Amino acid sequence: MVSNVKDVEGIKVCAPGSCGAVKKVLISPSEGWEGYVMRVFDIGTGGNTPKHVHDWPHINYVLEGSGTLYLDGANHEITKGSFAYVPGGKEHSFINTGSETLSIICIVPEEGDV
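Residue numbering for the sequence shown follows numbering that gives the first Met the number 0, beginning at 0 and increasing consecutively.
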């Protein structure tokens, strides 16, 4: 499978507390990657994902933009090239504090793609 993120339809994140975030599922078990899902989140200027907690971990990599990762009570500056491991059970949120879209790869176990 070979594709381009520009060709993937985005789904608006409608969770309470979310603002200006769109999710694109790039690779999942339906493409043959058993057990995991790779998504891209595009968070518009001033937008955020909601503060939330879940049981599964995820791995993140910043493709573009800048912002803040709120993780377990602390704020961490993130920019293009930053990466993070978010353990399960830790409250977290991504906030776009920059002047362009904050684009983040997020890889989760299959049960985490909700």
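Even for Gly, the Cβ is constructed at its ideal location relative to N, Cα and C. None of the values given here were measured: they were computed from a predicted structure.
- Who are the Cβ neighbours of G111 in its own chain at under 6 angstroms, not counting the five residues just before and after it? By one-based count along the sequence shown, residue 111 stands at place 112. Excluding sequence positions up to five before and after G111, its CB lies within less than 6 angstroms of the CB of W55, all in the same chain and listed in chain order.
- Query: Can you tell me whether DSSP reads E90 as helix, strand or coil?
  - Reply: By 1-based counting over the sequence shown, the position of residue 90 is 91. In this structure, E90 counts as coil in the three-state DSSP scheme.
- Query: Under three-state DSSP, which class holds E76?
  - Reply: As a position in the sequence shown, residue 76 is number 77, starting the count at 1. Of the three classes helix, strand and coil, the one that applies to E76 here is strand, per DSSP.
- Task: Drop a sphere of 10 angstroms on the beta-carbon of G16, count the other beta-carbons inside from all chains shown, and report buried for 16 or more, exposed for fewer.
- Result: Along the sequence shown, read from residue 1 onward, the residue named residue 16 stands at position 17. Here G16 is exposed: its Cβ has fewer than 16 other Cβ atoms, across all protein chains shown, within 10 Å.
- Per-residue DSSP class, three states only, for V4: Working through the sequence shown from its first residue, we reach residue 4 at position 5. Three-state result, V4: helix.
- Sequence-distant residues of the same chain with beta carbon closer than 6 angstroms to I77, five excluded per side: Reading the sequence shown from its first residue, position 78 is the one you call residue 77. Same-chain partners within the cutoff: V61, G66 and L68.
- CB contact flag (I118, Y35, <8 angstroms): No statement about residue 118 is possible, as the shown extent of the chain runs from 0 to 113 and does not include it.
- Query: Across which residues does DSSP place K23 in a beta bridge pair?
  - Reply: Your numbering for residue 23 matches position 24 in the sequence shown. Beta-bridge analysis with DSSP links K23 to V39.
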